[in-house]
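J.:
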Amino acid sequence: MAIDMRQFHQTFFEESLEGLAGMETELLRLEKAAANNGHDTVAADPEILNTIFRAAHSIKGGSSTFGFEEVAAFAHVLESRLDALRDGRSRPDRRVINLLLLSVDCLRSLIISARTGKETDKNVIDGVRSQLESLESESRASVAPMMATSQTQTSATAHWHIVFRPHRRLFHTGNDPLRILRELSVLGEIKVQTDLADLPAWAQMDPEECYLAWNIELIGPVSREAIAEVFSWVVDDCTLEITAQPVQSLAPRSITEAVAFMDAHAGTLRVSVPKVDALINTVGELVITQTMLSQLTTNFSFDNLSRLFAGIAQLERNTRELQESVMHIRMLPLSFAFNRLPRLVHDMSQKLEKKVELVIHGEQTEIDKTVIDRLIDPLLHLVRNSLDHGIERPAERVAAGKSETGHIELKACQKGGNVVIEIRDDGRGLAYDRILTKAVERGLLPASAKPSPGEIVEMIFMPGFSTAEAVSDISGRGMGMDVVRNNIRSLGGGVEVSTQKGHGTCFTMRLPLTLAIVDGLSVQVGVHTYILPLVSIVESVRINPEQISRPAGSAELYGLRQEYMPLLRLYELFHVEPRSTDLAQGLLVIVEADGKKAGLYVDDLLGQQQVVIKSLATHYRKVEGISAATILGDGTVAMILDMTGLIRLAHAGGGRAAIPTGAASMTTAVTPTFN
Amino acid sequence: MATILTVDDTASMRQMISFTLSSVGHEVIQACDGHEALMLLKGKKVDLVIADINMPNMDGITLVKSLREQADYKFTPILVLTTESRESKRQQGKVAGATGWIVKPFNPEQLLNVVKKVLG
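Read top to bottom, the protein sequences are chains R and E. Take the first sequence: its position 287, counting from 1, is numbered 287 in this note's numbering, and each next residue is one higher. Take the second sequence: its position 37, counting from 1, is numbered 1037 in this note's numbering, and each next residue is one higher.
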């Protein structure tokens, strides 16, 4: 029976990438230990080494089983290297740890290439492999007696150049160059060039002598030992040169690519067993309730009314629990995003010659998978920023009376329906004067402006703003703070910054727990219902016509407690017939986003409820001012309003800017799709 | 399939080699020392000789030397059995004209691999 192995590939890819992430974490722990004890080498905790080894071992096993030869070959080299560390045959020093980290990158890109069919940078991988291999022979030399019996070591480098010049008498020992070439071809792909230079004229030729020489290119997962083994019988009967092609270090591009790939393509979800158990449990209860209710209704009499109500209440509870359990399936701990950071900090601080310690708290906080996926880029960017711009060089820090090592603290916790992530550094803080100068230079502010510190800090979120003195290859890679803020906003969250000169900066990201459900307030405008996300609602007030003012232009402003805000008539915006156009007849819902407020004029408030978000862009098209849609209890479709967009519209367009008419007939256009 | 001569003073070793090589279809001739080997090879051509080094009467090195002097055996592959620790013996074997060696201890699989390599 033929089994299609492809069905296991996806699982293999995912577990391997996870295993690599684990390896990376442990390697960084080793690195840290090495850095802390001040020595280069470190007496590693055997458990750490075991974990790292097991990961490489599983990848090797899996990849050879599933036929990913390149992955298997690389994993094998890595494994034997790690085996030596584990046995205590050699000790990890920082050079070795760095090389192992590079190997993790290589394996990652090999796995990704196996998955996508995209070419890897072969030179890079071969380079790392031969470095690994040379490390191995170093350690083998020091433990020669132990290694002597093991002949099956097939560690690897990729590209060998072999010059094989047999002595004339080679044939006299019964050896045959053809046999050697044949053996080499078993090891890997070979290109052979025969050197005829020494071939004498026909008359002078002795058929028992060997006149030929060969130049051989060997490409494949082959160690120097394996090649030497092939030539071992003739090594005294020839001149032999075996040279490896030069070694390169891994381009950082591959890492970023790999990380990006993991983000974009983690299409499946691995769920912990307790979560599934909880789900099954809830479904069980739901079935019991359903049975009870159907029994009640078969022979229904009004005596049972109270039991019916109790049953419905139970159904409600079960449904809510089921919803929660299902939501939890999509929840992943933030460590999935945070795991990338130690490596980033490690690599970058080396590059920038800074000393940085990264502390992570609350990585167990759970958040929707989609949020995690889209959180990673902004997170990486913020940490990069802290490292590049925030933390000073050791000398500068000492001069400022601070410890030589800078600190970046990452804290996550759940607050209500939100997850709050703080990225705090103890660096130099934001330089107001430089930001201001730059903002004026870039034309973001008039030269005469006298902004408050809060406003200055806000400038860094403006599109086209960058304070990096030179565009380094670390931050300032095109993604600005405006992109960070937009990404976070598109997730329904926000990002704020606080800073103290000389003491550091803190970015606070607020993110919704899930993107699938939102707590909303339903409001009525004419016959339509709209949902306002609860997080952005400040209060609802009855309109006092005296507080309305229309300064210049047509914008209506509403003054509430010394504060003026644009007033948006939703019926105008969405071209629907309101119950009343008289402001005094309706209500004003004050909403806030990004520190700006607006008043939304609605006919009535209907109530607070959780709604399931259905993407409008998927089912219809993207509409400004509307973030998504939902289906109400009676089956009608309601639009969920995009507060950020609406407020921006209100502030920019003066309040009377209408959504293009296409959106007006949207309700009817969308309805069938949802049913 | 090939005809192979195995020369060893240890019967168990001879049997093992013989059994292994026969199992894949080679014809195997056995000799218990260099002397007997030379006798057996008179007027007979084999494709490969596998000889132990330490043997009574005539050791492997001498056997290799004598065979290389015969026109029939000038280019025939001859493998000697050595142990890793006997580097010098291996060198002697080479100098005498052995094609290569098999390191003891070896298992049947390794033996077959080497033989396959030599016979192509």
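Each residue gets a CB set at the ideal place from its N, CA and C atoms; glycine is no exception. Just so it is clear, the structure is predicted and the values come from calculations on it, not from any experiment.
Determine which residues share a DSSP beta bridge with leucine 218 of chain R and list them.
T.: Per DSSP, R:Trp160 and R:Ile190.
J.: Identify whether asparagine 1057 of chain E lies in helix, strand or coil by the three-state DSSP scheme.
T.: DSSP places asparagine 1057 of chain E in coil when its eight states are reduced to three.
J.: Just to check my reading of the structure: lysine 1117 of chain E and glutamate 183 of chain R have Cβ atoms closer than 8 Å, yes? What is that Cβ distance to the nearest angstrom?
T.: Lysine 1117 of chain E to glutamate 183 of chain R, Cβ: 6 Å. Contact.
J.: Need the endpoints of the beta strand (DSSP E) that glutamine 609 of chain R sits in, please.
T.: Its beta strand (DSSP E) spans residues 604-612.
J.: Indicate whether valine 1049 of chain E and isoleucine 1078 of chain E have their beta-carbon atoms separated by less than 8 Å.
T.: The answer is yes: Cβ separation under 8 Å.
J.: With respect to the alpha helix (DSSP H) encompassing glutamate 316 of chain R, which residues constitute its N-terminal and C-terminal limits?
T.: From DSSP, the alpha helix (DSSP H) with glutamate 316 of chain R extends over 305-329.
J.: Give me the Cα-Cα distance between valine 1007 of chain E and histidine 9 of chain R, rounded to the nearest whole angstrom.
T.: Rounded to the nearest angstrom, the two C-alpha atoms are 51 Å apart.
J.: By DSSP's criteria, valine 541 of chain R is part of a beta bridge. Which residues make up the other side?
T.: Answer is R:Leu588, bridged to valine 541 of chain R.
J.: Taking only the alpha-carbon atoms, compute the straight-line gap between alanine 35 of chain R and methionine 481 of chain R and give it to the nearest angstrom.
T.: Spanning the two alpha carbons is a distance of roughly 32 Å.
J.: May I ask you to report which of helix, strand or coil DSSP gives lysine 118 of chain R?
T.: Residue state, collapsed to three classes: coil.
J.: By the DSSP assignment, the alpha helix (DSSP H) with glutamine 1026 of chain E in it spans what residues?
T.: Per the sequence shown, the amino acid found at residue 1026 of chain E is histidine instead of glutamine. Run containing histidine 1026 of chain E: none; DSSP gives neither H nor E here.
J.: For arginine 489 of chain R, collect the residues of the same chain with a Cβ closer than 7 Å to its Cβ; drop the 5 residues on either side in sequence, then sort them by chain order.
T.: Around arginine 489 of chain R: Thr644.
J.: Listed in chain order, which residues of the segment 167-187 of chain R have Cβ atoms closer than 8 Å to some Cβ of chain E?
T.: So the list reads Phe171, His172, Thr173, Gly174, Asn175, Asp176, Leu178, Arg179, Arg182 and Glu183, given in the order they occur along the chain.
J.: Below 8 Å on the Cβ atoms is my contact criterion, and I expect asparagine 1057 of chain E with glycine 1034 of chain E to pass it. Report the Cβ-Cβ distance as a whole number of Å.
T.: Going by Cβ atoms, the distance from asparagine 1057 of chain E to glycine 1034 of chain E rounds to 6 Å, so yes, they are a contact pair.
J.: Since valine 356 of chain R contacts isoleucine 329 of chain R with CB under 8 Å, what's their CB separation in whole angstroms?
T.: That belief does not hold up - the Cβ atoms of valine 356 of chain R and isoleucine 329 of chain R are roughly 36 Å apart, past 8 Å.
J.: Identify the residues that DSSP records as bridge partners of histidine 528 of chain R: which are they?
T.: Bridge partners of histidine 528 of chain R: R:Val525.
J.: Relative to the C-alpha of valine 235 of chain R, which residue among R:His172, R:Val273 and R:Pro166 is closest?
T.: Checked all of R:His172, R:Val273 and R:Pro166; the closest Cα to valine 235 of chain R is R:Pro166.
J.: What are the residues of the segment 223-246 of chain R that lie near chain E, defined by any Cβ-Cβ distance shorter than 7 Å?
T.: Listed by position along the chain: Trp233 and Asp236.
J.: Let me know the alpha helix (DSSP H) ranges lying completely inside the segment 477-507 of chain R, each 4 residues or longer, listed in chain order.
T.: Those alpha helix (DSSP H) runs which fall completely within the segment 477-507 of chain R and span 4+ residues are 481-490.
J.: In chain order, what residues of the segment 1047-1078 of chain E put their CB closer than 8 Å to some CB of chain R?
T.: Listed in sequence order: Arg1068, Lys1074, Phe1075, Thr1076, Pro1077 and Ile1078.
J.: Check the Cβ-Cβ distances between alanine 144 of chain R and every residue of chain E, and say whether any is below 8 Å.
T.: With a pLDDT of only 36 at alanine 144 of chain R, under the threshold of 50, the placement of this residue in the model should not be trusted; the figure read from the coordinates follows. Closer than 8 Å: no.
J.: Give a yes or no on contact between the segment 204-213 of chain R and the segment 162-176 of chain R, applying the rule of three or more CB pairs nearer than 8 Å.
T.: Output reads yes: the segment 162-176 of chain R touches the segment 204-213 of chain R.
J.: Just verifying my parser: in three-state terms, what is the DSSP assignment at tryptophan 233 of chain R?
T.: Coil.
J.: Are the C-beta of isoleucine 1094 of chain E and some C-beta of chain R separated by less than 8 Å?
T.: Correcting the residue identity first, residue 1094 of chain E is lysine in this sequence and not isoleucine. Interface residue, yes.
J.: Cα-Cα, which of R:Met565, R:Asn50 and R:Leu632 is closest to arginine 550 of chain R?
T.: Among R:Met565, R:Asn50 and R:Leu632, the Cα nearest to that of arginine 550 of chain R belongs to R:Met565.
J.: Just to confirm the assignment, what range does the alpha helix (DSSP H) spanning valine 440 of chain R have?
T.: Segment 432-441, the alpha helix (DSSP H) holding valine 440 of chain R.
J.: Tell me whether phenylalanine 507 of chain R is buried or exposed, calling it buried when 16 or more other Cβ atoms sit within 10 Å of its Cβ.
T.: Its Cβ being crowded by 16 or more others within 10 Å, phenylalanine 507 of chain R is buried.
J.: Tell me the rounded alpha-carbon separation between valine 1046 of chain E and glutamate 217 of chain R.
T.: If I take the Cα positions, the gap works out to 35 Å.
J.: Between aspartate 176 of chain R and tyrosine 1073 of chain E, what straight-line distance do the alpha-carbon atoms span, to the nearest angstrom?
T.: Distance between the alpha carbons of aspartate 176 of chain R and tyrosine 1073 of chain E: 14 Å.
J.: Spell out whether any CB of chain E is found under 8 Å from the CB atom of arginine 140 of chain R.
T.: With a pLDDT of 47 at arginine 140 of chain R, under the threshold of 50, the modelled position of this residue cannot be trusted, and the question is left open.
J.: At a CB-CB cut-off below 7 Å, which residues of chain R make contact with lysine 1117 of chain E?
T.: Here the neighbours are Arg179 and Glu183.
J.: Below 8 Å, can you find three or more Cβ-Cβ pairs linking the segment 362-373 of chain R to the segment 395-403 of chain R?
T.: No: fewer than three Cβ pairs fall under 8 Å.
J.: Going by DSSP, what residues sit across from histidine 389 of chain R in a beta bridge?
T.: In the DSSP output, where bridge partners are listed per residue, histidine 389 of chain R has none listed.
J.: Express the C-alpha separation of valine 1064 of chain E and alanine 1098 of chain E in angstroms, rounding to a whole number.
T.: In a straight line, the C-alpha of alanine 1098 of chain E is about 6 Å away from that of valine 1064 of chain E.
J.: Along chain R, which residues have their Cβ under 9 Å away from the Cβ of alanine 1098 of chain E?
T.: The answer, in chain order, is Thr173, Gly174 and Trp233.
J.: Given a cut-off of 8 Å, decide if lysine 369 of chain R and leucine 269 of chain R are closer than it, judged by their beta-carbon atoms.
T.: Contact: yes.
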